[in-house]
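Engineer:
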Amino acid sequence: MIPQLGGILSALLGAAILYYGGQLALAGGSVFYVIMALGLLASGIQLMRRRQSGLWIYALTLTLSFLWTLYEVGFDKWQWIPRGALIVLLGLLLALPFVVNRLRDAPAKRWVPRLSNGPFFLRTIIAVIAVLAVAAWFVDPVQKQGELTPVAEAADKTVDPSGVPYPTDDWVAYGGTNLGQRYSALSDITTGNVENLKVAWEHHTGDLRQADKDSGEYTFEATPIKVNGLLYFCTPHNIVQALRPETGEVVWSYDPQMARDPQYQHQTCRGVSYNDSSAYVAPAGGDTVQAQAVAAAVAECPRRIIASSVDARLYAMNADSGALCTTFGDNGFADLKAQMPNLKRATYQQTSAPLVTADLIVLGSAIADNYYENNPSGVIRAFDVRTGAIVWKFDAGAPDDTAPLAPGEEYVANSAVAWTQFSADEGLGLVYIPFGNRSPDQVGLTRTAEDEEMVDALAALDLNTGRLVWHFQTTRHDLWDRDLPSQPVLITLPRGDEMIPSVLVPTKIGNIWVLDRRTGKPVLPVSEVDVSTQTDIPNEELSSTQPMSSVNFTPAPLTEADMWGTTPFDQIQCRLAFRSNRYDGNPFTPPTTTGSIVWPGNIGVFNWGSVAVDPVNHWMIATPQYLGYLYKLFPRPEGELDKRMFSTAGAGGESRPGNENLGGPYAVQIKHMRSGLGVPCNTPPWGVRVGVNLADGTTAWRYRNGTVAGQKIAGIKFPIPFEMGMLAHGGTLTTAGGVAFTGAALDDIIRGYDMRTGETLWQMALPAGGQATPMTYRGKDGKQYVVIAAGGHGSLGTTLGDSVIAYTLD
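What follows is the structure in structure tokens.
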């Protein structure tokens, strides 16, 4: 009965593969799964007859399958899994003696090398595949081993050429400084001793998600700042806490009582900001109402923490005590919804740290994507950091009018939004605003030429007036949600004999734009690529070309062979999805009513974690990520513009309430391109780490980043920590000690890398997902600490928690 049972398994496997592989072949895909299935069926029939030819046929099928695998994917071991793992495992069972010995015509000498000897042929093929699999373990087509070269002579390793000191004892802003470099000149922790890092303290905020009151995308993405002798950060409910940097002891905590709503698209707080006005001196003749207000504000809060809340309030606290600064705004709060048009439930939010520069707070907003056709304004506003009074505004819908609104006026509805972190060069007097799209993201029918001008553009504004100085557009007629998601990074780079004040602009498509931050002109080359203008959406006018940077991590075009899975069945499912959705072979395939593949998807190659640099050596350390998405537009019948087409749970869309675009002619469904077992359809890696020489734009090293430990396949957690390369949602810290730190990958681990080579030098498990950006400082005890928030990410499925953890040398 044992050979018959093996035959039944082979035949059943063949029949199942034939059913799915036949669908793929009929859809114009690979026919090889049909060939594989026929071989498995024939083998199964012979084994049920207890004929050793069944093993010979199985061995031939295995041989052809392996040759086909090598033809399609070469020696990429992770792509071997869906094509061969299942049939190799079954073949191994069929080759065992308790099967072979029970065949009616089993050869007398089962190890004799004869072509007609089925057992010998099968065992030989399995042995060859095993040897090649071992060899493939040491071959990785993704990996690039190299080394970044330090700059031999640096003019000043403690002060940026812009005149801003590099962070050492303190970490004074979200990105270290307003340059957004995420770099520290501290070098106590080095490549030689980082392996000795231990937990110094762990603080629990006590702020946890309540399922019935909070958003599904509830995330702890905060990067603390260390200044004024304390460590400051905010929680997802916008509670601001101040800790002793050496012990994690709570000094004060302030809860603004954020209005909870499970319909918030994003519920997070990425950071707070600091202002020290203690040295303020009132100007001569300062007896005006404004001067008196400033003096009273400084007297109440000479040092202050500035924060904003998801429910759209801006507030200030005394940095020493945590007491609300009642002279700020209206009893401590400025209402960011004031004079805002089209306010509806959960559509207007704040998620990123306000930029505090000079005497101003500059901030934008987060507008809920695709809830409604008509949305609030994306206006950028500058507030007096002491009184909360509006100083200027910049509205992409009315860019020439920067004066504050008069009472009774409203901001321009539905103008382009800037939701991420801003940067500033106080020496040049410029603030850099990375704009996103104008909602709805996937339909541009109602946009005017003026609307399009600032979409996906980096804008440099005059810090004192809000006047537009220059702007650079990164995507034309965006239909893919290609917001500029990352904080711009300001760095001075060599070009010939000149040092250029530059700005790096990471994008969702994978471009790293390198621009002269004085003028917006490209520092590194830009090219134009031709893209399709054909769409099934009437009157949608696509751009025929799109710009691309010479420094980019845009993935290669997808092919059917790039479809992945853990078995032949879910890989065939992904191949069918590839064949049944439109894909033009470039990142600009337009959304359609029949379905389109958007690659890379709207989570982006880069997102709010941005990139980190070593400004002394002109290096960039980054963690590009790769996931495909499926977009599909659903036209609404005339007269039903406000009718919901999806359930409030999203009907497979990524955002509540289902990307309805209420009031517009189309709803949109947005889904990860995943197999039925829940794994991404695009082959791993889904995330890498890279080291780039910014002087010439070359990538020195590249590695898969993160393991699959803890990830779920068909609802079951995968226990083995294979380093396949995972999504990394969060940022990286670089240091003068030559070590970069990141905890953003989905395996709940913080790692330290050698910045020169990319080698992992240290890692430690986190109690929850580390979807945040680490920071570092020196405590009063003289020790260097590295700190990360570990609270997980609701949408990405990492472990939820409420930890802030500090590490120092043992």
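When you line the sequence shown up against my numbering, it's residues 281 to 1090, in that order.
Just so it is clear, CB atoms sit at the ideal spot from N, CA and C, and this is done for glycine as well.
(1) Would you mind sorting D810 into buried or exposed? The rule is 16 or more other CB atoms within 10 Å of its CB.
(2) For A579, count neighbouring C-beta atoms within 10 Å of its own C-beta (all shown protein chains included) and say buried if the count is 16 or more, exposed if not.
(3) Where do the ends of the alpha helix (DSSP H) carrying Y299 lie?
(4) Can you pull the DSSP bridge partners for K424?
(5) Indicate the three-state DSSP secondary structure (helix, strand or coil) for E501 in the structure shown.
(6) Considering Cα atoms alone, identify which of W360, P430, L856 is closest to S310.
(7) Tell me whether the segment 774 to 781 and the segment 724 to 736 touch, counting them as touching only if at least three CB pairs, one residue from each stretch, are closer than 8 Å.
(8) By the three-class DSSP mapping on this structure, what secondary structure does R855 have?
(9) Can you name the residues that DSSP bridges to H952?
(10) Find the nearest neighbour of S323 within the set V785, L285, T637, judged by alpha-carbon distance.
(11) At 3 residues or longer, and completely inside the segment 594 to 678: list those beta strand (DSSP E) runs for me, N to C.
(12) I'd like to confirm the pairing. Which residues does DSSP put opposite S703 in its beta bridges?
(13) How far does the alpha helix (DSSP H) with Q359 in it reach, from first residue to last?
(14) Quick one: give me the first and last residue of the beta strand (DSSP E) that W750 is part of.
(15) With C-beta atoms as the reference, is L466 less than 8 Å away from Q1064?
(16) Mapping the DSSP letters down to three states, classify D810 as helix, strand or coil.
(17) I'd like the list of long-range same chain contacts for G932, defined as Cβ closer than 7 Å, with 5 residues on each side in sequence excluded.
(18) Decide if R984 is buried, meaning its Cβ has at least 16 other Cβ atoms within 10 Å, or exposed.
(19) Rounded to whole angstroms, what's the CA-CA distance from V659 to I647? Just pull it up for me.
(20) Checking the sheet assignment: what are the DSSP bridge partners for Q722?
(21) Exposed or buried, which one is H1073 when buried takes at least 16 other CB atoms within 10 Å?
(22) Between the segment 341 to 348 and the segment 816 to 826, can you find at least three pairs of beta-carbon atoms closer than 8 Å?
(23) Between V697 and the rest of its own chain, which residues show a CB-CB distance below 6 Å, the 5 nearest in sequence each way excluded?
(24) From the DSSP output, which residues share a beta bridge with Y1033?
(25) Note down, in chain order, each residue of its chain lying with its Cβ closer than 6 Å to the Cβ of C514, except the 5 sequence neighbours on either side.
(26) Tell me the residue span of the beta strand (DSSP E) that contains M316.
(27) I'd like the span of the beta strand (DSSP E) that includes S345, first residue to last.
(28) Tell me, to the nearest whole angstrom, how far the beta carbon of L738 is from that of R747; I am working on the premise that it is less than 8 Å.
(29) Quick check on A929: buried or exposed, where buried means 16 or more other Cβ atoms within 10 Å of its Cβ?
(30) Could you tell me the distance, in whole angstroms, from the CA atom of P818 to the CA atom of D675?
(31) Under the rule that 16 or more other beta-carbon atoms within 10 Å means buried, what is T754, buried or exposed?
(32) I think L320 touches G294, with their Cβ atoms under 8 Å apart; what is that distance to the nearest whole Å?
(33) Verify whether the separation of the beta carbon atoms of R775 and G308 is less than 8 Å.
(34) Going by beta-carbon coordinates alone, are F613 and L594 separated by less than 8 Å?
(35) Hey, P768 and V785: beta-carbon distance below 8 Å or not?
(36) Report, in whole angstroms, the separation of the C-beta atoms of A892 and R916, which I expect to be a contact under 8 Å.
Structural biologist: If we stick to the structure as given:
(1) In the sequence shown, the residue the question calls residue 810 occupies position 530. Classification of D810: exposed, given that the 10 Å Cβ count is below 16.
(2) Start at 1 with the first residue of the sequence shown, and residue 579 comes out as number 299. Of the residues assessed, A579 falls on the exposed side of the cut-off, its CB having fewer than 16 other CB atoms within 10 angstroms.
(3) As a working note, residue 299 is residue 19 in the sequence shown. Here the alpha helix (DSSP H) through Y299 covers 282 to 306.
(4) The residue given as residue 424 occupies position 144 in the sequence shown. For K424, which the question treats as bridged, DSSP gives the partners R982.
(5) In the sequence shown, residue 501 corresponds to position 221, counting from 1. Coil.
(6) Your numbering for residue 310 matches position 30 in the sequence shown. Across the set W360, P430, L856, the C-alpha of L856 shows the shortest separation from the C-alpha of S310.
(7) These segments do not touch.
(8) For the purposes of this step, residue 855 is taken as the residue at position 575 of the sequence shown. R855 carries a helical assignment under DSSP once its states are collapsed to helix, strand and coil.
(9) Indexing the sequence shown from 1 puts residue 952 at position 672. In the DSSP assignment, the residues bridged to H952 are Y909.
(10) For the purposes of this step, residue 323 is identified with residue 43 of the sequence shown, where counting begins at 1. Among V785, L285, T637, the Cα nearest to that of S323 is on L285.
(11) Counting only runs of at least 3 residues, the segment 594 to 678 fully encloses the following beta strand (DSSP E) elements, listed from N- to C-terminal order: 613 to 615, 635 to 637, 640 to 643, 660 to 664, 670 to 674.
(12) Within the sequence shown, numbered from 1, the residue matching residue 703 stands at position 423. S703 is bridged by DSSP to Y712.
(13) Your numbering for residue 359 matches position 79 in the sequence shown. Where Q359 is concerned, the enclosing alpha helix (DSSP H) stretches over 357 to 360.
(14) Numbered from 1 along the sequence shown, position 470 holds the residue referred to as residue 750. Where W750 is concerned, the enclosing beta strand (DSSP E) starts and stops at 748 to 753.
(15) Against the sequence shown, residue 466 aligns to sequence position 186. Against the sequence shown, residue 1064 aligns to sequence position 784. Contact annotation: L466 and Q1064 have beta-carbon atoms nearer than 8 Å.
(16) In the sequence shown, residue 810 corresponds to position 530, counting from 1. Look at D810 here: in three-state DSSP terms it is strand.
(17) Numbered from its first residue, the sequence shown carries residue 932 at position 652. Only weak support exists for where G932 lies, its pLDDT of 36 falling under 50; the coordinates are left without a value.
(18) In the sequence shown, counting from the first residue as 1, residue 984 sits at position 704. Buried, since its Cβ has 16 or more Cβ neighbours within 10 Å.
(19) Start at 1 with the first residue of the sequence shown, and residue 659 comes out as number 379. Start at 1 with the first residue of the sequence shown, and residue 647 comes out as number 367. Rounded to whole angstroms, V659 to I647 spans 11 Å at the Cα level.
(20) In the sequence shown, residue 722 corresponds to position 442, counting from 1. Beta-bridge partners of Q722 (DSSP): none assigned.
(21) Counted from its first residue, the sequence shown places residue 1073 at position 793. Here H1073 is buried. Its C-beta has 16 or more other C-beta atoms within 10 Å.
(22) No, the segment 816 to 826 is not in contact with the segment 341 to 348.
(23) To locate residue 697, count along the sequence shown from 1; it is residue 417. Excluding sequence neighbours, V697 sits near I647, G658, G716.
(24) Translated into positions along the sequence shown, residue 1033 becomes position 753. Looking at the DSSP output, Y1033 bridges to A1020, T1040.
(25) For the purposes of this step, residue 514 is identified with residue 234 of the sequence shown, where counting begins at 1. The beta carbon of C514 lies closer than 6 Å to those of A502, V520, C549, V552, A587 in the same chain, with the five residues before and after it left out.
(26) The sequence position of residue 316 within the sequence shown is 36, counting from 1. For M316, there is no enclosing beta strand (DSSP E); the enclosing alpha helix (DSSP H) covers residues 312 to 328.
(27) Within the sequence shown, the letter at position 65 stands for residue 345. Looking at the DSSP string, S345 is not in any beta strand (DSSP E); the run it does join, the alpha helix (DSSP H), is 333 to 353.
(28) The residue given as residue 738 occupies position 458 in the sequence shown. The residue given as residue 747 occupies position 467 in the sequence shown. With 8 Å as the limit, L738 and R747 do not qualify as a contact, their Cβ atoms being about 16 Å apart.
(29) As a working note, residue 929 is residue 649 in the sequence shown. Model confidence at A929 stands at a pLDDT of 48, short of 50, so the residue's coordinates are unreliable; what they give is reported in the following sentence. Using a 10 angstroms sphere on the CB of A929, the tally of other CB atoms stays under 16, which defines it as exposed.
(30) The residue you call residue 818 lines up with position 538 of the sequence shown. The residue you call residue 675 lines up with position 395 of the sequence shown. Taken atom to atom, the span from the alpha-carbon of P818 to that of D675 is near 29 Å.
(31) Along the sequence shown, one-based indexing puts residue 754 at 474. When all chains shown are included, T754 counts as buried.
(32) For the purposes of this step, residue 320 is taken as residue 40 along the sequence shown, with counting starting at 1. For the purposes of this step, residue 294 is taken as residue 14 along the sequence shown, with counting starting at 1. Between L320 and G294 a beta carbon distance of about 3 Å is seen, short of the 8 Å cut, so the two are scored as contacting.
(33) For the purposes of this step, residue 775 is identified with residue 495 of the sequence shown, where counting begins at 1. For the purposes of this step, residue 308 is identified with residue 28 of the sequence shown, where counting begins at 1. For R775 and G308, no; Cβs fall outside 8 Å.
(34) Sequence index remark: in the sequence shown, residue 613 carries index 333 (1-based). Sequence index remark: in the sequence shown, residue 594 carries index 314 (1-based). Going by C-beta atoms, F613 is nearer than 8 Å to L594.
(35) What you label residue 768 is simply residue 488 of the sequence shown in a count that begins at 1. What you label residue 785 is simply residue 505 of the sequence shown in a count that begins at 1. Contact flag set, yes.
(36) Taking the sequence shown and counting its residues from 1, one reaches residue 892 at position 612. Taking the sequence shown and counting its residues from 1, one reaches residue 916 at position 636. Not really, about 44 Å apart at Cβ, beyond 8 Å.
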